[in-house]
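Residue numbers (the working numbering): 88 to 167. Heads up, the thing below is written out as structure tokens.
In structure tokens, the structure reads:
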């Protein structure tokens, strides 16, 4: 039962971070500060390494920031 509870907790945390990251991404584009969105998506990628949303948005943020090699790596992970 503990394993199921742990998985559900991780899933709920991943969903919350995904929503938070998307909100911070949209707000960051308007304000010109994508740092908080990058942090949220990095935490999501740590929790769920196979998250398309995390790697895709990290790729966009890194490309916007001029870090192209890192962006390509994240987008390649998202494309798997």
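Ideal placement from N, C-alpha and C gives every residue a C-beta, glycine not left out.
{"Query": "Would you give the residue range spanned by the alpha helix (DSSP H) that residue 121 belongs to?", "Result": "Unbroken run through residue 121: none, as it is neither H nor E."}
{"Query": "Assuming contact is defined by CB atoms lying nearer than 8 Å, are residue 157 and residue 149 in contact in what I supplied?", "Result": "yes"}
{"Query": "Hey, quick one: how far does the alpha helix (DSSP H) through residue 167 stretch, first residue to last?", "Result": "Run containing residue 167: none; DSSP gives neither H nor E here."}
{"Query": "Using 10 angstroms around the beta-carbon of residue 119, count the other beta-carbons present and answer buried if the total reaches 16, otherwise exposed.", "Result": "exposed"}
{"Query": "Reducing DSSP to helix, strand and coil, say where residue 136 ends up.", "Result": "coil"}
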